[in-house]
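To keep things clear, I will list the structure first and then write my remarks on it.
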Amino acid sequence: MVANRFLLFFIMSLMTCATQLLAVETVKIKNINTVGVAVGSEIQYFEDADHSLTFDQVLLKEKGWLVNNAAIFNQGYSSASWWLKFDVENLSADTEFVMEVSYAVLDYLDVYFVRKNGELKTTLLGDKLPFNARPIDHRLFILPIDLSATEIVSVYVRVRSSSSVQVPINFVEKEAFFITDSSQNVMHGIFMGGILSIAIYNLLIYLVLRDRTYLYYVAYALCMLVFLASLNGWSYQFIWPNSNHWNDTAILISMNGVVMFGLIFGRRFLRLKARLALIAHGWVLLCTVCFAIVLATPYSVGIRLMIPFTAAACFWAWGSGVFTWLKGQRSAGIYVLAWSGLLIGGIILGLSKVHLVPRNFFTDYAVQFGALLELLLLSLALAERINHERSLRLSAQNQSLTIQQKANEALEGRVVERTKELEIVNSKLQELSETDQLTGLKNRRFLDMYIKKEIARSVRYKHDLALLLIDIDHFKTVNDTHGHLVGDACLQEVAKRISSQTLRWPTDLSARYGGEEFCIVLPETNTSGAKIVANRIRECIQQQRFEYKEFNEHLTVSIGVYSVVPVTKELPNEYLERADKALYLAKENGRNRVEIYLPEA
Numbered sequence: 045m046v047a048n049r050f051l052l053f054f055i056m057s058l059m060t061c062a063t064q065l066l067a068v069e070t071v072k073i074k075n076i077n078t079v080g081v082a083v084g085s086e087i088q089y090f091e092d093a094d095h096s097l098t099f100d101q102v103l104l105k106e107k108g109w110l111v112n113n114a115a116i117f118n119q120g121y122s123s124a125s126w127w128l129k130f131d132v133e134n135l136s137a138d139t140e141f142v143m144e145v146s147y148a149v150l151d152y153l154d155v156y157f158v159r160k161n162g163e164l165k166t167t168l169l170g171d172k173l174p175f176n177a178r179p180i181d182h183r184l185f186i187l188p189i190d191l192s193a194t195e196i197v198s199v200y201v202r203v204r205s206s207s208s209v210q211v212p213i214n215f216v217e218k219e220a221f222f223i224t225d226s227s228q229n230v231m232h233g234i235f236m237g238g239i240l241s242i243a244i245y246n247l248l249i250y251l252v253l254r255d256r257t258y259l260y261y262v263a264y265a266l267c268m269l270v271f272l273a274s275l276n277g278w279s280y281q282f283i284w285p286n287s288n289h290w291n292d293t294a295i296l297i298s299m300n301g302v303v304m305f306g307l308i309f310g311r312r313f314l315r316l317k318a319r320l321a322l323i324a325h326g327w328v329l330l331c332t333v334c335f336a337i338v339l340a341t342p343y344s345v346g347i348r349l350m351i352p353f354t355a356a357a358c359f360w361a362w363g364s365g366v367f368t369w370l371k372g373q374r375s376a377g378i379y380v381l382a383w384s385g386l387l388i389g390g391i392i393l394g395l396s397k398v399h400l401v402p403r404n405f406f407t408d409y410a411v412q413f414g415a416l417l418e419l420l421l422l423s424l425a426l427a428e429r430i431n432h433e434r435s436l437r438l439s440a441q442n443q444s445l446t447i448q449q450k451a452n453e454a455l456e457g458r459v460v461e462r463t464k465e466l467e468i469v470n471s472k473l474q475e476l477s478e479t480d481q482l483t484g485l486k487n488r489r490f491l492d493m494y495i496k497k498e499i500a501r502s503v504r505y506k507h508d509l510a511l512l513l514i515d516i517d518h519f520k521t522v523n524d525t526h527g528h529l530v531g532d533a534c535l536q537e538v539a540k541r542i543s544s545q546t547l548r549w550p551t552d553l554s555a556r557y558g559g560e561e562f563c564i565v566l567p568e569t570n571t572s573g574a575k576i577v578a579n580r581i582r583e584c585i586q587q588q589r590f591e592y593k594e595f596n597e598h599l600t601v602s603i604g605v606y607s608v609v610p611v612t613k614e615l616p617n618e619y620l621e622r623a624d625k626a627l628y629l630a631k632e633n634g635r636n637r638v639e640i641y642l643p644e645a
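For what it's worth, our numbering labels the leading residue of the sequence shown as 45, then goes sequentially.
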């Protein structure tokens, strides 16, 4: 055991000398902040094409190491194993650090920490291992580092992946990392929540309209959400932490789903016809074939197939939108703008995967920003489509009402104006449904609702509520003697006089109860006040003659009054029944009089 440690110490001394000869800088940790110290040009690496070398053999390897001249080690799609090494020196006080590898889809990531005294610490990571094998539960690969002040540690990394071989390494103080990570998680949550909200919103629209365009858009948004969540490690952490094989497959399936449902949605949204529609069907058929291929082949094969296929399909979808836009379809402009954002983000991400553009924050999140922008713009386009179709329906209604007007005149107005017109129509319909057509007063249906509302309000505030039930005396004789036209005129005149005597406050209500009976609702009115109002109505009707053609006579009314401070929310019929009993008493006592409802009577 002592001999092995001595040999390891000797090897480390040789490697330190070799590092100095290669003029590779040591990663120095000093005055570290929340950003951390990135490792890039300090890395030496070599390729193990047949995966045959062990760590002990790598320690003895002195020649063949290449210097990484980029900010991030990136070899694109490669089937080889890659060995990386660099030295880390702690120039600050004793602090807890973490080593962050911020690329979530690396298959195997073996990290070896070798101290100068020969102590070796090995950590095996990668998304081919169960998620709970990670030293810190995180969607990325996070390793806790214990470095004493002025200590130098050699770090060896072996990486192998069927996805793009990218190893962005960063050293950050442990506490600062988790503070920054919490902020980033909030941003990711807002992003994912935004996509999910868009999907739910359009699903509700589909349930109302039953237009499958919205259903395909929902499927497209959900596939985009699963793809981005899987690509960034969220799905593996929270949804399927024990299914590492499915973690790779989900990326390919969701990517293919994005293409398929995006093409179907585009075909229906743009209303493609003839040759373009036929080509769109062909693309969808190819997507179906790709589903079978990615399920039957390894991830390394599927991803190399899906990337060019996805790029070609997206460019075709964008091109078909441009063609439709040039043909005069207004909503296609928003569609083209939306796909442009996604294409730019996807191109940037794809170029970073094959090492043609540097990997940084912008390239990492370009597809997220592009996807969110696209989904928002497509939702806007769908909303504009709803508004457009609603304008067409309103135009058809206007044509039935005014034959001389042309349909184009209705479509020239803005959406806001059309909405106001619809509100006015609804208001008129509501008013008609609540109004007695003969007298112009509120009808029995509205009366019941109003009494119920006022009972609840009076119970809450402990206020009086009075009801007056009015009946025209000997009205049947008028109808039988002079005809129904005279009777209708008398009802209209009585309604007019009742309204003129009762509308003291906006809350007072006059309504036709039925036949020759009327009802007055007087909120916040006690028995004495209600009796005054009732006598004023009775005198107004009695004093002035009713004239209509040859009819010229006096009419009288009998009025029943019920006033109380409600204590429970009773039904309107119970209040009307009590007022009706008082009215019946007024009829029995000789008519043309006012009677008060008394429980003891």
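A virtual CB, placed ideally from N, CA and C, is assigned to each residue, including glycine.
DSSP three-state assignment for residue i, whether helix, strand or coil
i: residue 45; result: No answer about residue 45 holds up, because its pLDDT of 42 lies below 50 and its placement is not dependable.
i: residue 55; result: Note that residue 55 scores a pLDDT of 47, beneath 50, so its modelled location is shaky; the value from the coordinates is reported in the next line. If DSSP states are grouped into helix, strand and coil, residue 55 belongs with the helices.
i: residue 150; result: coil
i: residue 66; result: Per-residue confidence for residue 66 stands at a pLDDT of 45, beneath the threshold of 50, marking its modelled position as unreliable; the derived number appears in the next sentence. Coil, per DSSP.
i: residue 468; result: helix
i: residue 116; result: coil
i: residue 481; result: coil
i: residue 123; result: coil
i: residue 214; result: strand
i: residue 130; result: strand
i: residue 346; result: helix
i: residue 156; result: strand
i: residue 194; result: coil
i: residue 200; result: strand
i: residue 88; result: strand
i: residue 205; result: coil
i: residue 257; result: helix
i: residue 93; result: coil
i: residue 137; result: coil
i: residue 641; result: coil
i: residue 625; result: helix
i: residue 597; result: strand
Beta-carbon spacing of residue i, residue j below 8 Å
i: residue 86; j: residue 141; result: no
i: residue 311; j: residue 256; result: no
i: residue 586; j: residue 600; result: yes
i: residue 261; j: residue 426; result: yes
i: residue 355; j: residue 327; result: no
i: residue 353; j: residue 389; result: no
i: residue 575; j: residue 638; result: yes
i: residue 73; j: residue 133; result: yes
i: residue 244; j: residue 70; result: no
i: residue 502; j: residue 609; result: yes
i: residue 334; j: residue 349; result: yes
i: residue 305; j: residue 264; result: yes
i: residue 630; j: residue 511; result: no
i: residue 347; j: residue 207; result: yes
i: residue 482; j: residue 441; result: no
From the options, residue whose alpha carbon lies closest to that of residue i
i: residue 200; options: 224, 194, 231, 164; result: 164
i: residue 552; options: 598, 290, 509; result: 509
i: residue 615; options: 329, 504, 500; result: 500
i: residue 192; options: 228, 176, 136, 224; result: 136
i: residue 126; options: 202, 278, 539; result: 202
i: residue 246; options: 422, 513, 511; result: 422
i: residue 174; options: 335, 277, 259; result: 277
i: residue 97; options: 437, 114, 124, 598; result: 124
i: residue 564; options: 153, 498, 351; result: 498
i: residue 463; options: 438, 475, 476; result: 438
i: residue 300; options: 387, 289, 602, 336; result: 336
i: residue 523; options: 95, 155, 560, 555; result: 560
i: residue 636; options: 627, 642, 643; result: 627
Evaluate contact between the stretch 196-213 and the stretch 114-126, counting only Cβ atoms and requiring at least three cross-stretch pairs below 8 Å.
yes
Closer than 8 Å is the cut-off here; do at least three beta carbon pairs connect the stretch 262-272 with the stretch 321-338?
no
Below 8 Å, how does it come out for the stretch 358-374 and the stretch 230-246: are there three or more Cβ pairs, yes or no?
no
Are the stretch 341-348 and the stretch 288-300 in contact at 8 Å, needing three or more beta carbon pairs?
yes
Do three or more CB pairs link the stretch 148-162 to the stretch 79-98 at distances below 8 Å?
no
Any contact of the stretch 528-537 with the stretch 486-496, i.e. 3+ C-beta pairs under 8 Å?
no
Segments assigned alpha helix (DSSP H), at least 4 residues, entirely inside the stretch 268-342
278-282, 288-314, 318-340
Runs of 4 residues minimum, wholly inside the stretch 557-593: which ones carry the alpha helix (DSSP H) assignment?
571-587
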